[in-house]
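Visitor: Dumping the structure here so I can ask a few things about it.
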Amino acid sequence: MSVADRAIEAVDLVKTYGKGKREVHALAGVTFSVRPGIVFALLGPNGAGKSTTVKILTTLSAPDSGRAAVAGIDVRRDPGQIRRLIGYVSQKPTFDPVATGRENLVLQGRIHGASAAQARARAAELLDRFDLTAAAGRTAGTWSGGMQRKLDVAMGLMHRPRVLFLDEPTTGLDPEARMGMWAEIARLAREDGLTVLLTTHYLDEADHLAARLAIIDAGRVVASGTPDELKSALGGETVRVGLAAAPQAEQARHVIERLPGIAAVESEGTVVNARVADGAAALPGLLAALDAAMVELTTVSVARPSLDDVYLHHAGRTFASASLSPASLEGVAR
Ligand code: ADP
Ligand code: MG
Numbered sequence: 017m018s019v020a021d022r023a024i025e026a027v028d029l030v031k032t033y034g035k036g037k038r039e040v041h042a043l044a045g046v047t048f049s050v051r052p053g054i055v056f057a058l059l060g061p062n063g064a065g066k067s068t069t070v071k072i073l074t075t076l077s078a079p080d081s082g083r084a085a086v087a088g089i090d091v092r093r094d095p096g097q098i099r100r101l102i103g104y105v106s107q108k109p110t111f112d113p114v115a116t117g118r119e120n121l122v123l124q125g126r127i128h129g130a131s132a133a134q135a136r137a138r139a140a141e142l143l144d145r146f147d148l149t150a151a152a153g154r155t156a157g158t159w160s161g162g163m164q165r166k167l168d169v170a171m172g173l174m175h176r177p178r179v180l181f182l183d184e185p186t187t188g189l190d191p192e193a194r195m196g197m198w199a200e201i202a203r204l205a206r207e208d209g210l211t212v213l214l215t216t217h218y219l220d221e222a223d224h225l226a227a228r229l230a231i232i233d234a235g236r237v238v239a240s241g242t243p244d245e246l247k248s249a250l251g252g253e254t255v256r257v258g259l260a261a262a263p264q265a266e267q268a269r270h271v272i273e274r275l276p277g278i279a280a281v282e283s284e285g286t287v288v289n290a291r292v293a294d295g296a297a298a299l300p301g302l303l304a305a306l307d308a309a310m311v312e313l314t315t316v317s318v319a320r321p322s323l324d325d326v327y328l329h330h331a332g333r334t335f336a337s338a339s340l341s342p343a344s345l346e347g348v349a350r
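Numbering-wise (my numbering), the sequence shown opens with residue 17 and increments by one.
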């Protein structure tokens, strides 16, 4: 890709918070690039470094080393120009709950230098687009969670940015509101040609929404590509075995590993995943071997590799367990 083909570029970003014993290596060399006009997801468990990366790309934080550019402009060289080009919707809500939806939008427009009339016109356009017109005169604090999140996104769009950063746009939303938000985000890229970088800790969100994604874990990009590329690269299918008791996992793993045609076996808790070329062909032998070893099963399934499998393969642990580790729980608070 030439510079003009990159809407966003991060090269070897390093960021450490705190000193001495309290030192946290938030980013340990993050590299990825995004071409214009697509939805790109930065997928990772809590504490992986997603918000830190976004803060650097949006000029809110400086990296210790490495380089970041948006629309070919280095974020350190011209932060003012970057801020005019981008919209940023932070993980935490930024709307004023005691102002109405319309007031929030108009104020945002005025902050960006629009006249009162321009700001009102743009606000009306966005209220309409996000289906918020009926509620626009009510204080935003009384809105539903899904409407509030849409308001945050609309605020980020007031000044017509070309590149939009959405930090966990659907966290905490109910399934219906999430679907609504997904549709809006997809439309921003498809119809308006915006480049959208979103962060998420939802595997299905990245899978559904992102043309390309980078999986970030412990401050590093461990894999990147289209969802299909990432899944296909693992090859074959995954046979997933649920066990009655966790202590049998080790035994089950050993039994499965010795079978012919098994590419890799990983276990965690009561679940053992085996990658095989052909799930249906491998299943009878696998079940017979586990039965002979007196391993008690509760469930068995065969599936194409999922992003969950992709993460497990590259990060060496399941996404669910990574999201519960102590370091990541710290990240949840932010
Ligand atoms: P994510 O957005 O993926 O959940 P973050 O980028 O917020 O992750 O955080 C990455 C790591 O850096 C976490 O361990 C987090 O606790 C730590 N961290 C983030 N911000 C700060 C800060 N201001 N001071 C100290 N540590 C921080
Ligand atoms: Mg975050």
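For glycine and all other residues, C-beta sits at the position ideal for the given N, C-alpha and C.
Sorted by chain position, which residues of the same chain lie with C-beta nearer than 6 Å to G103's C-beta, five sequence neighbours on each side aside?
Guide: The sequence position of residue 103 within the sequence shown is 87, counting from 1. Taking G103 as the centre and dropping the five residues before and after it, the same chain places the C-beta of G172, L173, P177 and L180 closer than 6 Å to its C-beta, in chain order.
Visitor: Ends of the alpha helix (DSSP H) at I127?
Guide: Numbered from its first residue, the sequence shown carries residue 127 at position 111. Its alpha helix (DSSP H) spans residues G117 to I127.
Visitor: Would you list, in sequence order, the uninterrupted beta strand (DSSP E) runs of no fewer than 3 residues that lie entirely inside the segment 208-249?
Guide: 211-216, 228-233 and 236-241
Visitor: If V30 and D80 are in contact, beta carbons under 8 Å, what's the gap, nearest whole angstrom?
Guide: Along the sequence shown, one-based indexing puts residue 30 at 14. Along the sequence shown, one-based indexing puts residue 80 at 64. Contact between V30 and D80 is confirmed by a C-beta separation of about 5 Å, below the 8 Å threshold.
Visitor: Measuring straight from C-alpha to C-alpha, what distance separates I232 and A133?
Guide: Here residue 232 refers to the residue found at position 216 when the sequence shown is read from its first residue. Here residue 133 refers to the residue found at position 117 when the sequence shown is read from its first residue. Near 43 Å, if we compare the C-alpha coordinates of A133 and I232.
Visitor: Over the uninterrupted alpha helix (DSSP H) stretch that includes T68, give me the two end residues.
Guide: Position 52 of the sequence shown holds residue 68. It spans K66 to L73 - the alpha helix (DSSP H) in which T68 sits, taken as one unbroken run.
Visitor: Going by alpha carbons, who is nearest to G321 out of F146, G295, L303 and V50?
Guide: For the purposes of this step, residue 321 is taken as residue 305 along the sequence shown, with counting starting at 1. A small correction: the amino acid at residue 321 is Pro; Gly does not occupy that position in the sequence shown. Answer by Cα proximity: G295.
Visitor: Taking CB distances under 8 Å as the criterion, tell me whether R126 reaches chain D.
Guide: Absent here is chain D; the protein component of the structure consists of one chain.
Visitor: Could you tell me if S131 is buried or exposed, where buried requires 16 or more neighbouring beta carbons within 10 angstroms of its beta carbon?
Guide: The count along the sequence shown starts at 1 and reaches residue 131 at position 115. Note on S131: under 16 other CB atoms within 10 angstroms of its CB, so exposed under the neighbour-count rule.
Visitor: Quick check: does the Cβ of D183 come within less than 7 Å of any heavy atom belonging to ligand 2?
Guide: As a working mapping, residue 183 is identified with position 167 in the sequence shown. Checking every heavy atom of ligand 2 against the Cβ of D183, one is found closer than 7 Å.
Visitor: I need the boundaries of the beta strand (DSSP E) containing K108, first residue and last residue.
Guide: Along the sequence shown, one-based indexing puts residue 108 at 92. No beta strand (DSSP E) holds K108; DSSP gives it neither H nor E.
Visitor: Specify the secondary structure class of T158 as computed by DSSP and reduced to three states.
Guide: Position 142 of the sequence shown, counted from the start, is the residue given in the question as residue 158. Helix.
Visitor: Take D183 and list the residues in its own chain whose beta-carbon comes closer than 6 Å to its own, dropping the five residues that flank it on each side.
Guide: For the purposes of this step, residue 183 is identified with residue 167 of the sequence shown, where counting begins at 1. Cβ neighbours of D183 beyond the five flanking positions: S67, V70, S106, Q107 and T215.
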